[in-house]
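S.K.: Reading the sequence shown from the start, the letters are residues 10 to 1074 in my numbering.
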Amino acid sequence: MNGEKPGEMGEEETVSQLRTLYSFCDSTDITAVECRDADTKRTAQELGQVSVLCDMSYSGLKCFSFDQPDGKCKDYEVRFLCEPKTVNCNVAPVSGTPSPPPHTTLVPVRVCDNTMEDVKPILVADSQITVSTSLSGYTGPERSRLDTTPTSVSSGGWVAKVSDRTQWIKFTFSDPMVVMGLTTQGRAGASEWVETYKVMYSENGVDFHFIEETPGQPKVFVANNDSDTKHTVTFSPVKAKIVIIQPQSWHTSISMRLGVLGCLTTSTGPYVPATPPPVKQCVSGWSKWINKNDPTTGTGDVEKMTKEELADFCPGGIISAIECKDSDTKDDWTSLSEATCSIEDGLECNNLPFDGIPPCRNYEIRYQCNCSAVTPSTLPVPRTQVTIAPSTARIQQCTSGWSSWINKVDPTSGTGDYEKMSKEELEAFCPGGSIIDIECKDSVSKDDWTSLAESTCSVEDGLKCDNLPFDGVPPCRNYEIRYKCNCSSSTVNIGSTRAAPATINQASTRSTLSNQCVTQWTPWINKIDPTTGKGDYEKITPEEQAQFCPGGKLTDIQCIDSDTKDDFTSLAEATCTLEDGLACSNLPFDGIPPCRNYQIRYMCNCTGVVVGRKRRDAPLPDPTLAPRAVPKLPAQCRQDMGIMSGRVRGDMISASSYLHIRHSPQSARLGSYGSWIAARNDRRQYIQIDFVTAAYLTGVTTQGHPYAPLYVTSYKIVFSNDGVNWSPYRETTGVDKIFSANRDSVTPATHMFRLPVRARFLRLIPQSWQGKIALRLEVHGCPQKYPITTPVHKTSVTSVKLPPVSLDVNYDCIEWDSWIDLHQPTIRDVNDIESLDDIIEASPHCKDPIVIECRTATPDHLSSKETGQNVDCNLWDGLSCNATAINDRLCFNYESRLGCLKNKAECASKLAVIPRYSKSKGQPPLMCYAGMYSKQCPKLCPSGYYCNGVACVLKKDCPCVIDGQIVKSGSVIRNSQCDTCQCIGGETVCVPKFCPACHIGASYVDKKTCNCQCETCSPDEHQCGTGLCIQANRKCDGIIDCVDDEDTCVNHLQVKTSLKGVKNT
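Spelled out as C-alpha cells, the structure:
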C-alpha cells in the first residue's frame, strides 16, 4: 500500500492514514510490517537511506528528509502481516483438504427474497469506520454506532472537527455487500445532528458513484430533526464495498450515529437485483379519503400524500384538485377558517399554544388525478413522475397584538431551555403581518432575561440558554416568551393559495415597525451560497440601507462564518469593510475548498437625525474625535528595511521556535530558497526582528514556503522598544489589527500600516495558516544603519524561554500533596490556566516542589499527556491549557498536584548514589559546582561522573548554588532579584519576573517583596493604555509609539530622519 508521496518534511505511511484509502485487517491482528521503495522494490538500507523507521512501534513507516544524505526520502510502500487471533496459524491443514487457489473471486451476496424484513445494520469493526476529521480523541468514528451513549469523557456520537461539506464518514466492508439504506441519529446528550446528507458508494474502491435522485443528480437524503430519534431511509439496492456519507446540512455541528443497512443472508448465488413491480396505468378520478394524523396528540393536523404516493396513485398524470373536510361533521375546511388546503402542501392546521384554544379539528383529504395528458407508450412511465396543478384557497386574517406566553421546554430535563415559535406557528399567529418584538422572562420570578445574564433572546432565534456540563453549576432558569404581531403592513394577494407568511422584523429585539431611524444592528444578511458560484459576496443595497437606516449612517460592520460563527479575521480568507461589504473569492485550484458561507450585519447610527420638528439628543461634537488625516508617507519610508538584502543580520532575527536548523528564523528572508517553520502550530509562535535602535516601520510583506503548500493566512503585529513591554498594532480603538496574509506559498502579500510605527522590536504572530506555520518576510520603513554593538537598555530581553527538563526523579523519595483544581473551563472561558504560584499557595503542604503532575479532573483521571490537547504541565508554567492558541473548542478540566522531597536522610543526601570504587577503578571525580565542600566525596568515580558532596552522580543530578543556597537538581526557587531560577544539572537558568501592564501607570517589580507594582508617569510623559510611559510630545505626532498614542488625534506626519533625500513633511 502506498498512501502518500514524499514531501518537504519526508514520507509517512501509517495504519491510520492508510485506512482512509485501503481496507485491511484490524490493528490488533497486525504483527509485523515490511517497507520498500515503490519504484525499485529495494529496502531503505539497500538504497543508503538512514534512520528510516519501519516498525509497528511507529504504526508503519516514518522517514525524515533532513536525515537523508541527499535531503530527500524515497517513495515507500508498506505491507502488514495479519494474523487473526481467532485462527491458529501454527496448526497444519487436515490432510486431503485442498488449499485455496492463489486468486479467489469474491461472490457477492444477492438481494434477499424478503428484502424489507431482512434489512439490518451491517456489522463492522471499529477499524472499518473512518472519518475526515474528529473534534478530539473522544469524538472519533468508534463513537458513531447507533444508540451510542455518552460517558464521563467520550461523546455520544462522532463529531467532526469542522462543520463544512468536505466532511465524511466511511464504512469499508470486508467483502462487497448489498446496501439498500441507512439509519441515522444525532449526538446523544447534545443538541447536534445532521439534517441532510448524500451517499457515495464503490464496489472496487476506485470507481465511486452517488445514489442519484435522477441521472446525474445526487440524491440529498433527509436525516434527523433531533438528537435521539432514529431516521431510516431506503434506496434501490447497490453492491458496495465502501459507503461514504457526506453531510450537507446540520444543526449546531456535524454529529452522527448511524448504521448502513443491507441484506445479511449468506446466499452464494449471483447478484440478482430485485424485480421491479409492474408499471401501473394512469386512471382518472379521486383517491380514497386520507386521514393519517390525530391533532389531539401532536402539534396539529397535517394530511398530505407523499411524492411517492402521488406517483403511485396518478402515474404520469396531473393532480388537478384536492378536497379537505372535517372527518366528523363533513364540513368543508373553508367554512372552519383554521386550516390551509392546497395541492402543493396538502392540509395544514397548527394547534395554537395558547390557553383556552382547542386543538384543530380532525381532517381528511383526497386528491383528483387527471390522465387526459398521458400518451400511451411501450416505455414505462417513471413511478416518480407526477404533475401538480395550481390550486386556490382561502386566506387567514391578521390581528395585531401580543401572543400568549409560551413555555414548552423544561431546562432541568435536557440540555437547556429553548423557547421559540416555529415558522408555521408564527404564520398562524400573525398571517401576513410582521413579528416586530419579543419578550423573554423567568417564568417563576418574572425577571427580565437581560438581568439574569445567562441566555439570549431575539426575534430571529427566540430564547436560548445552554446548561453548562460542570458539577455544581445549576441548570438554566425556566423561561417563557411571547411575540408581538403588527398587521399594518399585511397584504392580501388575490389568487394565493395561503396567507402571506409572517415576516420577522429582525432589526431589533426591542424595536417597533416604523419609518423612523433607530440606532441598532441590521438583521444578519446571507444572500449568496459560495459553493454555487465564484465566491461569497454579501453587501447591503442602497434601497435596503434607506429602508433600514432612514437618514442615519452605517458606522460599523460585522462579518462571521454562518456555520461556526467565527469572526472573518480569524479565518483570513475574506475582506470585510463598510464600503464593500464581505468579499471572498473561490480559488481556482484543485483541492482547495470554496469560501466559507458568511453572514454580515451593519450598525445604523441615528445621532443627529431630525425626527419631525425634534432633533434626536446627541452629544456636542468632540474635536478630538474628528477623523484623522491619513498621512502620505515619503517614498523613502516605504523601502525594505534589509531582511531580503541581508542588511538585517542573522543575529537580529529570532523566533519562538523552529522545526529544524534548516528552517530557522534566519531562513525567513523574503524571496529566499528556504523559510522559517515553527516547531509547533499554535498562536503562541512568532518571528521577531530587532532593529538594534528605534526605527520608523511602515509595513510588512510575507510569503510562504517556496516548495510546499505551507503558508500563514493571517497574523498580528506587536512592537516594543525594550523587548519587555509590547503594544499591539491597531487601526480601530481597542481592536488588534488582524492582517490577511497569503493565499498561496509563493505570491508576496504586502500590507502598509495606516500610520508609521516607531519601535526597535517588531514581532509577527501568526493567527491562522495552511498546513504549517511557514513564513518569509520583509519589513518596510525608513532604512537606517544597524550598529554592530547592541546599545544598553534598562531591561534585558528574553527571546526564548528554555523548556523545562524532564527530571529523573526517584519516586520513592517524593511526597505527593493533594490534587488541586483551581479553575474550570466554561463556554465563556475555554482555557484552563493555573499558575505555579497559585498551585503552591493552594497546596496544603508542598511549598518547595521538585515535580508536578497533571490529569483530567473527570472520573477517568487521564494524564494530561494522553488527552491529545496542548497542555503544559511543568515547574515553569504550572498547569496551562490554551484552547484559543490551538484552535480547539474547549479545554478539558484539569487538576494538578505537587511533589516535594521526603524528609529522610537517604532522600536529602542523594538522588542516584553510585557505590564507592576501589583505587583500581575510576578516576578522581569532578565537582558539581565551584567551591564545593569535597571532603565527603569518594576518591574515585566512573568516568564522566561528578561528586554532589557525598556521592558520585551523573551531571544531570548535580545540585546548584543559588544566592548561597544549595538547590537540588530540578528544583525551582526565587533568587534575590525576584527571578525564577531552576537548577538543571548543576547549571542555573533564571527567568526575570514578568509583570502585566497596569490599568494606570507603568508596571515594575518591587525587589523587596517581589510583587508587581504600578508607577504612574511623570507630568511630562503620556500614559499608554498598556501602562507604558512615553514622552508627552510623542502623543499625536503621527508616529505610533504604543497601543493608543495616536488614537483620537487630528495629526500630520512629522517624520524626522537622517537619511539623505528624505524630506520632513
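The C-beta atom is built at its ideal place from N, Cα and C for all residues, glycine as well. Treat the numbers as computed from the prediction; the structure is a model and nothing was measured.
At which residues does the beta strand (DSSP E) containing Gln608 begin and terminate?
M.R.: Here the beta strand (DSSP E) through Gln608 covers Tyr607 to Asn614.
S.K.: Run through the region 439 to 475 for me and flag every whole beta strand (DSSP E) of 3 or more residues, listed as ranges in chain order.
M.R.: DSSP runs (the beta strand (DSSP E)) wholly in the region 439 to 475: 443 to 451, 465 to 467 and 471 to 475.
S.K.: Measuring alpha carbon to alpha carbon, tell me which residue in Ser412, Gln194 and Asp846 is nearest Ser236.
M.R.: Ser236 has its Cα closest to that of Gln194, out of Ser412, Gln194 and Asp846.
S.K.: So is Thr1057 buried or exposed if we call it buried at 16+ other beta carbons inside 10 Å?
M.R.: Thr1057 comes out exposed.
S.K.: Between which two residues does the alpha helix (DSSP H) harbouring Val229 extend?
M.R.: No alpha helix (DSSP H) holds Val229; DSSP gives it neither H nor E.
S.K.: Assuming Lys316 is part of the alpha helix (DSSP H), what are its boundary residues?
M.R.: Segment Lys316 to Phe322, the alpha helix (DSSP H) holding Lys316.
S.K.: Expressed to the nearest angstrom, what Euclidean distance is found between the alpha-carbon atoms of Leu144 and Ile253?
M.R.: The straight-line gap from Cα to Cα measures roughly 19 Å.
S.K.: Determine which residues share a DSSP beta bridge with Trp3 and list them.
M.R.: The structure shown does not extend to residue 3, since the chain spans only 10 to 1074, so no value can be given for it.
S.K.: CA-CA distance, Lys746 and Lys313?
M.R.: Lys746 and Lys313: Cα-Cα distance of roughly 55 Å.
S.K.: Gln137: which of Cys34, Asp216, Asn233 and Gln1022 sits nearest, CA to CA?
M.R.: Of the listed residues, the one whose Cα sits closest to Gln137 is Cys34.
S.K.: Measuring alpha carbon to alpha carbon, tell me which of Leu871, Asp886, Asn883 and Leu155 ends up nearest Tyr903.
M.R.: Tyr903 has its Cα closest to that of Leu871, out of Leu871, Asp886, Asn883 and Leu155.
S.K.: Here's a check: name, in chain order, each residue in its chain whose Cβ is nearer than 6 Å to the Cβ of Gln377, leaving out the five neighbours to either side.
M.R.: These residues qualify, in order along the chain: Trp295, Ser329 and Ala330.
S.K.: Going by DSSP, name the residue or residues bridged to Glu996.
M.R.: In the DSSP output, where bridge partners are listed per residue, Glu996 has Ile993.
S.K.: Between Ser336 and Leu319, what straight-line distance do the alpha-carbon atoms span, to the nearest angstrom?
M.R.: Straight-line Cα distance between these residues: approximately 21 Å.
S.K.: Do the region 75 to 87 and the region 49 to 57 make contact, defined as three or more Cβ pairs closer than 8 Å?
M.R.: Touching, yes.
S.K.: Can the beta-carbon of Cys855 be found closer than 8 Å to that of Val880?
M.R.: Going by C-beta atoms, Cys855 is not nearer than 8 Å to Val880.
S.K.: Measuring only the C-alpha atoms, how far is Asp135 from Ser163?
M.R.: For Asp135 and Ser163, the distance between alpha carbons rounds to 15 Å.
S.K.: Over what stretch of residues does the alpha helix (DSSP H) that includes Ser25 continue unbroken?
M.R.: Per DSSP, Ser25 belongs to the alpha helix (DSSP H) from Val24 to Leu27.
S.K.: Please list the terminal residues of the continuous alpha helix (DSSP H) segment that includes Ile251.
M.R.: Segment His240 to His260 is the beta strand (DSSP E) holding Ile251; no alpha helix (DSSP H) there.
S.K.: For Met18, count the other beta carbons within 10 Å of its own beta carbon; 16 or more makes it buried, fewer makes it exposed. Which is it?
M.R.: Buried.
S.K.: With a threshold of 16 other CB atoms inside 10 Å of the CB of Thr876, please say whether the residue is buried or exposed.
M.R.: Classification for Thr876: buried.
S.K.: DSSP state of Phe2, grouped into three classes?
M.R.: Because the chain spans 10 through 1074 in this model, residue 2 falls outside it and cannot be assessed.
S.K.: Assuming Cys44 contacts Leu27 under a Cβ cut-off of 8 Å, what Cβ separation, rounded to an integer in Å, is found between them?
M.R.: Contact doesn't hold; Cβ gap of about 12 Å is too wide.
S.K.: Kindly list the residues whose CB is nearer than 8 Å to the CB of Lys228, restricted to its own chain and excluding five residues on each side of it in sequence; keep chain order.
M.R.: Counting only Cβ-Cβ distances below 8 Å, and skipping sequence neighbours, we find Lys207, Val208, Phe219, Ile220, Glu221, Glu222 and Phe244.
S.K.: Grouping DSSP H, G and I as helix and E and B as strand, with all else coil, what is Asp426?
M.R.: DSSP places Asp426 in strand when its eight states are reduced to three.
S.K.: Using 8 Å as the threshold, is the C-beta distance between Gly908 and Ile859 below it?
M.R.: Contact: yes.
S.K.: Let me check understanding here. Comparing Cα to Cα, which of Leu267, Gly326, Cys961 and Arg174 lies closest to Pro947?
M.R.: Of the listed residues, the one whose Cα sits closest to Pro947 is Cys961.
S.K.: What are the boundary residues of the alpha helix (DSSP H) that Ala851 is part of?
M.R.: Unbroken alpha helix (DSSP H) run through Ala851: Leu845 to Ala851.
S.K.: Given that a residue counts as buried once 16 or more other Cβ atoms are within 10 Å of its Cβ, and exposed if not, what is Gly973?
M.R.: Its Cβ having fewer than 16 others within 10 Å, Gly973 is exposed.
S.K.: Indicate the three-state DSSP secondary structure (helix, strand or coil) for Glu875 in the structure shown.
M.R.: Glu875: helix per DSSP, three-state reduction.
S.K.: From what residue to what residue does the beta strand (DSSP E) around Pro775 run?
M.R.: From DSSP, the beta strand (DSSP E) with Pro775 extends over Ala758 to Gln779.
S.K.: When the Cα of Gly544 is compared with those of Val744, Val242 and Lys536, which residue comes out closest?
M.R.: Answer by Cα proximity: Lys536.
S.K.: Can you tell me where the beta strand (DSSP E) holding Gln176 begins and where it ends?
M.R.: Taken as a continuous stretch (DSSP letters only), Gln176 belongs to no beta strand (DSSP E), as it is neither H nor E.
S.K.: Figure out for me which residue from Asp570, Asp572 and Leu563 has the closest Cα to the Cα of Glu588.
M.R.: Measuring from the Cα of Glu588, the nearest candidate turns out to be Leu563.
S.K.: Where Pro510 and Glu433 are concerned, what is the direct C-alpha to C-alpha distance, given to the nearest angstrom?
M.R.: Confidence in Pro510 is poor, its pLDDT being 48 and thus under 50, which makes the residue's placement unreliable; the coordinate value appears in the next sentence. Those two C-alpha atoms are separated by around 9 Å.
S.K.: Taking the straight line between their C-alpha atoms, what separation do you get for Pro110 and Glu20?
M.R.: For Pro110, the pLDDT reaches just 34, beneath the cut-off of 50, and the residue's location in the model is therefore unreliable, leaving the point undetermined.
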